Amino acid sequence: MRKITNIAVLFIFAVISFVTPYTQTVFAEETRLTLEKETAIYDAPSFSTKTISTISPQKVKVLEKRPDGWFKVSTWLGDKWIAPKGAVVIPRETERSLRLYEGPDLDKTTKYKLSYINYVLGLDGTSDGFVKVKTQRGDMWIIADIVPLQLTKSTPLYNSSSIFESIGIVSPQKVKVLEKHPNGLYRIVSWLGEKWIAPNGQKVELARQADLYDQPQFSAKSGFSLSPQTVTLLEFQSPWYHKVNTWVGEKWIDVLLNTIEVSDKYINYDNSQANSILQSDMFVNLQSSKEDLQKYYDDLAQLQKKLTFFDWDEFKNFLIISI
1 MRKITNIAVL FIFAVISFVT PYTQTVFAEE TRLTLEKETA IYDAPSFSTK
51 TISTISPQKV KVLEKRPDGW FKVSTWLGDK WIAPKGAVVI PRETERSLRL
101 YEGPDLDKTT KYKLSYINYV LGLDGTSDGF VKVKTQRGDM WIIADIVPLQ
151 LTKSTPLYNS SSIFESIGIV SPQKVKVLEK HPNGLYRIVS WLGEKWIAPN
201 GQKVELARQA DLYDQPQFSA KSGFSLSPQT VTLLEFQSPW YHKVNTWVGE
251 KWIDVLLNTI EVSDKYINYD NSQANSILQS DMFVNLQSSK EDLQKYYDDL
301 AQLQKKLTFF DWDEFKNFLI ISI
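Position 51 (the sequence shown) corresponds to 51 in UniProt numbering; numbering is contiguous.
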């Protein structure tokens with residue numbers, strides 16, 4: 001038992017040595033937090049519950065502190081939540097990379113994606129599901145879970161992010177969007193799993209001049225052609241023809257050998273800021289009551305399981321018994 005105690009004490013000093021300066025300004029027993037800038041107010045510890053109100057720089061009374069960076073504080077609107085240094089956000093478990101958006105809008109999609117990550121540091125959010133993150137390309141936005149999209153007409157369903165053979169039809173309804181590809185297709189949650197739709201067609205770039213056809217067959221050349229440009233594919237007809245709108249009406253083109261493939265660009269995500277939130281919060285409540293400390297470490301244990309983070313269960317119990 002003495003050996004275990006010594007190891008635990010040494011471990012405490014080892015971890016505390018990595019605690020950020022932010023930790024030194026926030027103690028649960030003081031119940032005060034100094035806000036250094038205008039801070040957004042949320043109804044719950046989630047970026048999707050953002051209100052239109054903010055708190056100006058001042059000292060606020062802290063009612064509760066969570067290990068992922070959220071604080072419950074007393075405001076003129078009642079008890080609300082803030083994340084002055086950001087809060088840890090865990091994307092959908094099925095995501096292996098995260099599409100980046102230049103703003104909280106599906107139409108602001110880009111070719112850039114964050115490579116595989118377990119969690120990010122969210123800085124802000126919107127009620128429809130976008131979360132702001134800091135990247136190598138500056139502040140950008142991700143879809144942490146889903147974003148709703150209203151379909152106004154029946155839309156074909158596809159297996160991949162290209163208009164080819166349809167595997168079903170989605171009736172007019174509100175769908176759950178997981179990602180919007182720069183070519184205009186949306187990855188959604190469907191009754192067949194995660195699939196793709198193109199309610200507004202698929203954008204492709206023609207690499208060379210392409211002949212136009214009156215019908216989706218080689219013998220139906222119209223005598224017109226398209227110069228290299230970006231076109232929108234509306235419909236697919238086997239074996240390789242797509243319908244497009246042109247100055248001479250709806251025509252068909254062969255895009256199989258005439259288009260330029262635009263690949264996604266993957267960038268690494270720096271998790272050091274998210275990790276600093278987690279590390280700084282680990283020992284902040286050591287002088288609180290055993291009940292508060294128990295709740296705090298229960299929250300931390302649940303969070304670390306989702307993050308595949310360090311297992312604190314046994315160590316937490318030792319700390320509580322020792323206090």
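Positions of the beta carbon are idealized from the N, C-alpha and C atoms, including for glycine. Quick caveat, the model's predicted, so the values are computed rather than measured.
{"Check": "My parser needs the beta strand (DSSP E) runs of 3 or more residues fully inside the region 121-192; what are they?", "Outcome": "130-135, 138-143, 147-150, 155-158, 168-170, 174-180 and 186-190"}
{"Check": "Going straight from the alpha carbon of Val-262 to that of Pro-216, what length do you get?", "Outcome": "25 Å"}
{"Check": "Return the chain-ordered list of same chain residues with a C-beta closer than 8 Å to the C-beta of Ser-115, the five sequence neighbours on each side being excluded.", "Outcome": "Ser-97, Tyr-266, Ile-267, Asn-268 and Tyr-269"}
{"Check": "Tell me the rounded alpha-carbon separation between Thr-232 and Leu-212.", "Outcome": "14 Å"}
{"Check": "For the region 139-157 and the region 110-130, state whether three or more C-beta atom pairs, one from each stretch, are separated by less than 8 Å.", "Outcome": "yes"}
{"Check": "Can you tell me which of Lys-132, Trp-196, Ile-55 and Gln-150 puts its alpha carbon nearest to the alpha carbon of Leu-185?", "Outcome": "Trp-196"}
{"Check": "When DSSP labels each residue in this structure, what does Ser-225 get in the three-state scheme?", "Outcome": "strand"}
{"Check": "Counting only the same chain and skipping the five closest in sequence on each side, list residues whose C-beta sits under 7 Å from that of Leu-206.", "Outcome": "Leu-226, Pro-228, Gln-229, Val-231, Asn-258 and Thr-259"}
{"Check": "Who are the Cβ neighbours of Lys-221 in its own chain at under 7 Å, not counting the five residues just before and after it?", "Outcome": "Asp-211 and Tyr-213"}
{"Check": "Nearest CA to the CA of Pro-148: which residue from Val-189, Ser-154 and Asn-118?", "Outcome": "Val-189"}
{"Check": "Please return the same chain residues whose Cβ sits closer than 7 Å to the Cβ of Gln-150, not counting the five positions on each side in sequence.", "Outcome": "Lys-174"}
{"Check": "Comparing alpha-carbon positions, which option in Pro-67, Gln-273 and Thr-51 lies nearest Gly-78?", "Outcome": "Thr-51"}
{"Check": "Can you give me the Cβ contacts of Asn-271 inside the same chain, cut-off strictly under 8 Å, excluding the 5 residues immediately before and after it?", "Outcome": "Ile-117, Tyr-119, Val-120 and Leu-121"}
{"Check": "Helix, strand or coil: how does DSSP classify Ser-48 here?", "Outcome": "helix"}
{"Check": "DSSP three-state label for Ala-40, please.", "Outcome": "strand"}
{"Check": "Per DSSP, which one or two residues make a beta bridge with Asp-79?", "Outcome": "Ser-74"}
{"Check": "So for Ile-115, helix, strand or coil by DSSP?", "Outcome": "For clarity, residue 115 is Ser in the given sequence; the question names Ile instead. Note: Ser-115 maps to coil in three-state DSSP."}
{"Check": "Can you name the start and end residues of the beta strand (DSSP E) that Val-62 belongs to?", "Outcome": "58-65"}
{"Check": "If distances are taken between C-alpha atoms only, which option among Leu-106, Tyr-112 and Pro-91 comes closest to Arg-99?", "Outcome": "Tyr-112"}
{"Check": "Buried or exposed: which applies to Thr-54, given that a residue is buried once 16 or more other Cβ atoms fall within 10 Å of its Cβ?", "Outcome": "exposed"}
{"Check": "Excluding the five sequence neighbours on either side, which residues of its own chain have a C-beta within less than 6 Å of the C-beta of Leu-234, listed in chain order?", "Outcome": "Gly-201 and Lys-243"}
{"Check": "Thinking C-beta only, is Pro-91 closer than 7 Å to Ala-44?", "Outcome": "no"}
{"Check": "Can you list, in chain order, the residues of its chain whose CB lies under 7 Å from that of Thr-75, leaving out five sequence neighbours each side?", "Outcome": "Ile-41 and Ile-55"}
{"Check": "I need the straight-line Cα distance from Glu-165 to Val-248, nearest angstrom please.", "Outcome": "26 Å"}
{"Check": "Near Gly-129, what residues of its chain come up, given a Cβ to Cβ distance below 7 Å and the 5 sequence neighbours on each side ignored?", "Outcome": "Ser-48, Ile-143, Ala-144, Asp-145, Ile-146 and Val-147"}
{"Check": "If you draw a straight line from the alpha carbon of Ser-127 to that of Glu-250, how long is it in whole angstroms?", "Outcome": "39 Å"}
{"Check": "By DSSP, does Ala-87 sit in helix, in strand, or in coil?", "Outcome": "strand"}
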